[in-house]
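Last residue of the sequence shown: number 146 in my numbering, and the count goes up by one each step with no gaps. I have placed the structure first, in the form of structure tokens, so that the comments after it can refer back to it.
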Amino acid sequence: SYRLQEECDVLSLRRAKCQGNIVLSEHKAVMLASLRSVVKEWGSQDEIAWSWLWENVQRMILVLMGNLAAQQKALASFFGGLDEAALGILQRDFYANPEARTSSKSP
């Protein structure tokens with residue numbers, strides 16, 4: 040879906056800022072262990088569904104990591120093309136919205 044793609048885009052950009060090697064398969068193990076401990080009625084169908092979701096997320100992130108330079112160039116072009124007024128509106132709306140500051144998309 041579009042929302043999943045958008046979240047993967049953001050995650051790949053944030054991941055690019057991390058130093059060292061990040062092993063996505065280790066995230067899957069931690070995520071599943073966390074879900075098993077938190078969700079009381081966790082079952083095999085839940086395990087299959089979350090495994091399927093993470094495998095797709097992992098695949099999408101790996102593809103995006105190969106296009107990181109293009110993503111960064113597009114973002115730089117977008118922000119560089121904003122005039123002072125548009126940039127001010129973007130900043131004002133971002134700081135006026137508490138959810139934007141705490142979401143996965145915050146800078």
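Note that beta-carbon positions come from the ideal geometry of N, C-alpha and C, so glycine has one too.
Nearest-angstrom Cα distance between residue i and residue j?
i, j, result
"residue 152", "residue 134", "Limits of the chain in this structure are 40 at one end and 146 at the other, which puts residue 152 out of reach."
"residue 79", "residue 116", "47 Å"
"residue 110", "residue 47", "12 Å"
"residue 87", "residue 130", "41 Å"
"residue 113", "residue 82", "42 Å"
"residue 74", "residue 65", "14 Å"
Helix, strand or coil for residue i, going by three-state DSSP, please let me know.
i, result
"residue 47", "helix"
"residue 130", "helix"
"residue 56", "coil"
"residue 40", "coil"
"residue 95", "helix"
Cα-Cα, which of the options is closest to residue i?
i, options, result
"residue 94", "121, 70, 136, 126", "70"
"residue 102", "59, 57, 58, 63", "63"
"residue 91", "72, 114, 67", "67"
Residue i and residue j look like a contact to me (Cβ under 8 Å); what is the Cβ gap, rounded to whole Å?
i, j, result
"residue 58", "residue 99", "Not confirmed; about 22 Å, so no contact."
*Should the segment 76 to 91 be called in touch with the segment 40 to 55, which here means at least 3 C-beta pairs below 8 Å?*
Result no; under three Cβ-Cβ pairs closer than 8 Å.
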